[in-house]
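Under this note's numbering, the residues of the sequence shown are numbered -11 to 288, in order.
Ideal Cβ placement from N, Cα and C applies to all residues, glycine included.
Note sheet for the following structure.
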Amino acid sequence: MSTTAELVIDARNGVGESPVWDAQRQCLFWVDIPGQALWCWNASTAQARHWPTPEMTGCIALAAGSEATPHGRWVAAMETGVALLTPHDDGTLSHEAVASVQHPQGGMRFNDGRCDRQGRLRAGTMVMDMSLAAPAGSLYALDAGALRSLQGGFITPNGMAFSPDGQTMYLSDSHPNVQTIWAYAYDTDTGTPHSPRVFVDMKPMAGRPDGAAIDTDGGYWICANDAGLVHRFTPDGRLDRSLAVPVKKPAMCAFGGSGLDTLFVTSIRPGGDLADQPLAGGVFALRPGMRGLDEPHCVR
C-alpha cells in the first residue's frame, strides 16, 4: 500500500476529467474538457496518446460492444448532447450523434456523469461560467437513445457514483455556494433516483466536492477541489481518511490497474503562476489498500 501520490503522466490538462479504466485494454481513458481531447494511458507501455473531439466533453463511458475496436467506442456527454466516439490508430476520431439536449440557456455543457450498475448513462449539465451561479443545470438519463430530465436546479452537478448494489446514487453540487453531496435512493428497475438526503455537507471541510468513485466496501472517494486532497467517506457519511495529491485541484478519481487497487486522479491546470504546483493538470496514482469496481459498459 502506498498513499503517496505518484505521477502517471504530466498531461497538463486544462480540466482532466472522467477517468475510466478499460480492463480489456489495461488502459486508463479520460478527457480534457477545454482541450477538447480524449486521452489514453497504456499501463503496459506507460505511453499516452490523445484524440481531438469536436466539442468539449464532460464525461465518458465505454460503450457495450467495444471489444473489436482497437481503442474502444465511447459514449460521451458533450456540449450539444450525447455522442458515440470511436478513436482510430491514425489519430482521428469518428463522431456519431446519439441524442441532443435542449439547454434552458446558452453557454451550457454536460459535466460529470457515469453509468449506473445496469449500464444506463446518467449525467448532469451546467452553465460554463460558474461566476453566474446559475441553477440551470439538470440531471439527465440516457435511455433507448433519448435524453430525459430527472431533476433540475443544479449549478455544478458533480460527484456521481453508485453503491456496489446499485441502490444508492450519490450526487454533489460542487459550486462554492452549495458544496453538498446527496445520497438518493435509486430504483434499479426504472433507473430513477428519488428521496434525496444530505450525505455530506462539505462547506466546513477542506475542498469542494468534485468527481468521485466507489470501492468494494461502499466507501465514497471524492476529489476535494482547491484542497489537494481525495476524501473517503464511509457509507454512513463519516470522513474516513484524506489522501494528498501534489496539485490544488484534483478533479476526479477512478479505480483501475490489473487488480483495481490503484486510485487514479485527474486534475486541473489553472491559469496564473504554477510555481507551487508545476504538475497541475497531470494524472496521479494512489494505492490506498482498497479495491474498486468494474465500470459497467454503456448499453445506451
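A distance below 6 angstroms between beta-carbons, with the five flanking residues on each side excluded, links S126 to the following residues of its chain, in chain order: T113, S137, G140. By DSSP's assignment, Q139 forms a beta bridge with L127. In the structure shown, the three-state DSSP call for S6 is strand. About 6 angstroms separates the Cβ atoms of N146 and P197, confirming a contact at the 8 angstroms cut-off. As DSSP reads the structure, M96 sits in a beta bridge with V115.
Contact between the stretch 199 to 210 and the stretch 174 to 182 is absent, with fewer than three C-beta pairs closer than 8 angstroms.
In the assembly as shown, P7 is a buried residue. Its beta-carbon has 16 or more other beta-carbons within 10 Å. Checking the DSSP bridge columns, you'll see V19 partnered with E5, L26. In terms of Cβ geometry, G2 and R257 form a close pair [threshold 8 angstroms]. Under a 10 Å Cβ-count criterion, Q155 is classified as exposed, with fewer than 16 other Cβ atoms of the shown protein chains found around its own Cβ. Using a 10 angstroms sphere on the CB of R226, the tally of other CB atoms stays under 16, which defines it as exposed. Looking only at Q24, R13, H59, L135, the smallest Cα-Cα distance to G69 is reached by L135. When secondary structure is reduced to three states using DSSP, L281 falls in the coil class, being assigned neither helix nor strand. Across the structure, A36 and Y172 are spaced so that their CA atoms are roughly 37 angstroms apart. Residue nearest to A129 within the set A121, R110, P123, K236 is R110 (criterion: CA-CA distance). With a beta-carbon spacing of about 7 angstroms, L81 and L26 fall inside the 8 angstroms limit used to define contacts. Across the structure, A263 and G101 are spaced so that their CA atoms are roughly 32 angstroms apart. Taking C-beta atoms as the reference points, R97 and M118 fail to come closer than 8 angstroms. Taken atom to atom, the span from the alpha-carbon of V19 to that of S183 is near 32 angstroms. If you compare the alpha carbons of L120, R108, E84, P223 with that of G94, the shortest gap goes to L120.
For A122, there is no enclosing beta strand (DSSP E), since its DSSP letter is neither H nor E. Apart from the 5 residues on each side of it in sequence, P75 sits with its Cβ closer than 7 angstroms to the Cβ of L26, W39, H59, L81 in its chain, given in chain order. From the listed residues G107, M240, H83, A124, the smallest Cα separation to Q90 is found for A124.
Under the three-state reduction of DSSP output, N165 falls in the coil class, being neither helix nor strand. Under a 10 Å Cβ-count criterion, V186 is classified as exposed, with fewer than 16 other Cβ atoms of the shown protein chains found around its own Cβ. Of the residues T(-9), R0, A(-7), the one whose Cα lies closest to the Cα of L267 is R0. Residue range 250 to 255 is occupied by the beta strand (DSSP E) that includes S255.
At the C-beta level, I21 and G46 come within 8 angstroms of one another.
Its chain contains G207, W209, D228, R229 as the residues whose beta carbon lies nearer than 6 angstroms to that of R220, once the 5 sequence neighbours on both sides are disregarded; these appear in chain order.
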